[in-house]
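Numbering (my numbering), first residue to last: 44 to 126.
Idealized CB from N, CA, C, for every residue including glycine.
None of the values given here were measured: they were computed from a predicted structure.
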């Protein structure tokens, strides 16, 4: 399969090289690719659009980590300084 190495690197990065995180990231990638194949098979949606949807899901999943983690860390640091 073409690009398997790059997918593996993306899974490891998304899972932060932690075994459970890599497992969850691999499940996400598996669902995306299998779902995309099923969608292309049973609908008239072009394969290119499915790839774009998969890329957006991956992008927003990665961005969500930074959007949530950093503000939560600030709140806990502020609480730690007060207490």
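Mark residue 68 as exposed unless 16 or more other C-beta atoms lie within 10 angstroms of its C-beta, in which case mark it buried.
With 16 or more other Cβ atoms from the protein chains shown falling within 10 Å of its own Cβ, residue 68 counts as buried.
Return helix, strand or coil for residue 45, following the three-state DSSP convention.
coil
Boundaries of the alpha helix (DSSP H) in which residue 62 is found, first to last residue:
62–85
Three-state secondary structure (DSSP) of residue 114:
helix
Alpha carbon to alpha carbon, what distance is there between residue 89 and residue 73?
20 Å
Can you round the beta-carbon distance between residue 101 and residue 79 to whole angstroms, since I take them to be within the 8 Å contact cut?
Not a contact, Cβ separation roughly 12 Å.
Return helix, strand or coil for residue 90, following the three-state DSSP convention.
helix
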